[in-house]
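Notes to accompany the following structure.
Right, dumping it as structure tokens:
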């Protein structure tokens with residue numbers, strides 16, 4: 001299930017909550033933005049119509065008079081040179097026009113988002129009347145990111161691309177076929193099938209390239225080609241993901257701001273998260289191939305049970321993957337999303353989003369909720385290293401259980417690596433004793449007394465050595 005839902009009160013953080021002393025300034029800005037948006041939409045539609053007409057006219061003239069043009073210029077310019085110039089003009093026109101429409105679409109979307117922000121700043125909201133005012137329309141949207149730079153290939157945004165790319169590809173086909181027939185020594189296209197097939201391939205490839213160029217020009221702030229690939233593969237594999245990249249990253253950023261606002265010091269938590277969850281966090285690019293190898297061995301029952309997920313993968317799973325079943329297919333999508341996230345978000349920011357967003361126990365989402373449940377809310381003092389160990393060990397423990405052997409092994413490793421002292425380990429076990437006595441977690445295996453004896457003896461041994 002996706003991490004963020006408007007039906008979850010814990011994450012009901014609205015955008016934005018600013019106030020003005022002089023509302024007339026905001027109202028005037030709202031009116032100006034509304035006029036700008038209206039003008040941009042009108043320009044987009046008019047430019048689409050004009051460019052399609054011009055493109056069609058140019059294509060007709062170029063193709064209808066191609067032989068006459070090359071013949072009239074033959075005494076001065078070689079026929080192939082003339083054909084190459086016509087081809088180059090068609091190619092350049094297609095690219096320039098599509099870039100122009102991409103820029104116009106960006107202006108429209110940014111003006112629409114600004115309009116929604118200003119409306120929210122003025123205290124205006126249409127709530128959940130989505131049957132009357134759809135959330136993806138400017139008139140009804142309460143969330144700026146409901147307006148996407150590229151809403152889909154079946155929307156009006158894609159129509160100029162289809163038209164211009166189609167016209168340009170037709171010109172490329174006929175001019176290219178003529179050039180190829182002359183290069184291959186044929187007087188007519190029908191004289192040789194090889195140039196014809198090659199011309200078809202080039203025109204189709206050019207159409208696909210122009211569509212891709214247009215789509216790439218409409219990538220949002222955090223979107224990248226790798227995200228589009230991950231989304232496509234997720235659809236092919238039948239793994240449901242939430243593809244609202246900008247919205248979800250915005251909400252994750254908002255959660256980190258809330259953590260800082262509450263005064264929660266993440267220093268020890270970051271250190272312990274790397275120690276327990278992903279020791280290679282700062283050296284890999286979102287994915288640990290060693291971890292994946294361990295996962296494969298675990299699936300084949302050739303090694304100990306291992307999740308194999310890095311911190312970046314866990315964040316990607318928490319934010320974007322709705323369908324948590326289908327382990328192997330989900331892991332593949334998770335890896336692709338993690339590779340994308342590592343490119344668009346810094347390591348330190350990933351850690352903060354991770355701590356602010358992931359599940360620390362059943363129904364406990366994010367470090368703020370974890371502190372409230374287990375530490376009785378943020379304190380003026382910083383979170384100690386023992387408390388950090390306890391909180392990080394709680395990650396994704398959906399049954400609220402004390403997993404004794406796992407805790408013991410992780411404690412030993414942390415002490416061995418010098419992250420914890422024996423005294424820190426004793427303090428950590430004391431935290432487990434407190435929360436178990438409070439009924440917050442359950443020690444079904446009755447393993448806690450063994451932990452207490454082990455680490456009390458270890459502390460006394462260290463004290464005796466000193």
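Residue numbers (the UniProt record's numbering): 1 to 466.
Even glycine gets a Cβ: it sits at the ideal position worked out from N, Cα and C.
{"Asked": "Could you check the C-alpha separation between residue 229 and residue 153 for me, to the nearest Å?", "Found": "16 Å"}
{"Asked": "Taking the alpha-carbon positions, what's the residue 443 to residue 376 distance?", "Found": "20 Å"}
{"Asked": "Give, in chain order, every unbroken run of the alpha helix (DSSP H) that is at least 4 residues long and sits entirely within the stretch 401-460.", "Found": "404-416, 422-437"}
{"Asked": "In chain order, what residues of the same chain lie with their CB nearer than 8 Å to the CB of residue 191, ignoring the 5 residues before and after it?", "Found": "Interpretation of residue 191 is limited by its pLDDT of 48, a score under 50 that renders its predicted location unreliable; the figure taken from the coordinates is listed afterwards. Counting only Cβ-Cβ distances below 8 Å, and skipping sequence neighbours, we find 181."}
{"Asked": "Using C-beta distances below 6 Å, list every residue in its chain close to residue 382, excluding the 5 sequence neighbours before and after it, in chain order.", "Found": "265"}
{"Asked": "Looking at residue 246 and residue 145, is the spacing between their C-beta atoms short of 8 Å?", "Found": "yes"}
{"Asked": "Per the DSSP calculation, residue 361 is bridged to which residue(s)?", "Found": "364"}
{"Asked": "Got a sec? Which residues, its chain only, sit under 7 Å from residue 316 by beta carbon, not counting five neighbours each side?", "Found": "334, 337, 338, 341"}
{"Asked": "With three or more C-beta pairs closer than 8 Å as the rule, is the stretch 275-289 touching the stretch 237-251?", "Found": "no"}
{"Asked": "How would you call residue 457, buried or exposed, if buried means at least 16 neighbouring beta carbons within 10 angstroms?", "Found": "exposed"}
{"Asked": "Starting from the Cα of residue 110, find the closest Cα among 410, 134, 158, 33 and give me that residue.", "Found": "33"}
{"Asked": "By the 10 Å Cβ neighbour count, where 16 or more other Cβ atoms means buried, how is residue 427 classified, buried or exposed?", "Found": "buried"}
{"Asked": "Count the other CB atoms, across all protein chains shown, that sit within 10 Å of the CB of residue 40; report buried if there are 16 or more and exposed otherwise.", "Found": "buried"}
{"Asked": "Does residue 264 come out as helix, strand or coil in the three-state DSSP assignment?", "Found": "coil"}
{"Asked": "Three or more C-beta pairs closer than 8 Å, one from the stretch 209-228 and one from the stretch 87-101: is that the case here?", "Found": "yes"}
{"Asked": "Residue 400 to residue 99, Cα distance in whole Å?", "Found": "54 Å"}
{"Asked": "Taking 8 Å as the limit between beta carbons, can you name the residues of its chain near residue 187, skipping five residues before and five after?", "Found": "For residue 187, the pLDDT reaches just 49, beneath the cut-off of 50, and the residue's location in the model is therefore unreliable, although a value from the coordinates is still provided. Cβ within range, chain order: 181."}
{"Asked": "Any chance the CB of residue 289 is under 7 Å from a heavy atom of the ligand MN?", "Found": "Questions concerning the ligand MN fall outside what the structure shown contains, since it holds no ligand whatsoever."}
{"Asked": "Which residues in the same chain have their Cβ closer than 6 Å to the Cβ of residue 163, if we skip the five residues on either side of it in sequence?", "Found": "52"}
{"Asked": "Could you check if residue 127 is buried or exposed, using at least 16 other CB atoms within 10 Å of its CB as the buried criterion?", "Found": "exposed"}
{"Asked": "Quick one: Cα of residue 366 to Cα of residue 436, how far?", "Found": "21 Å"}
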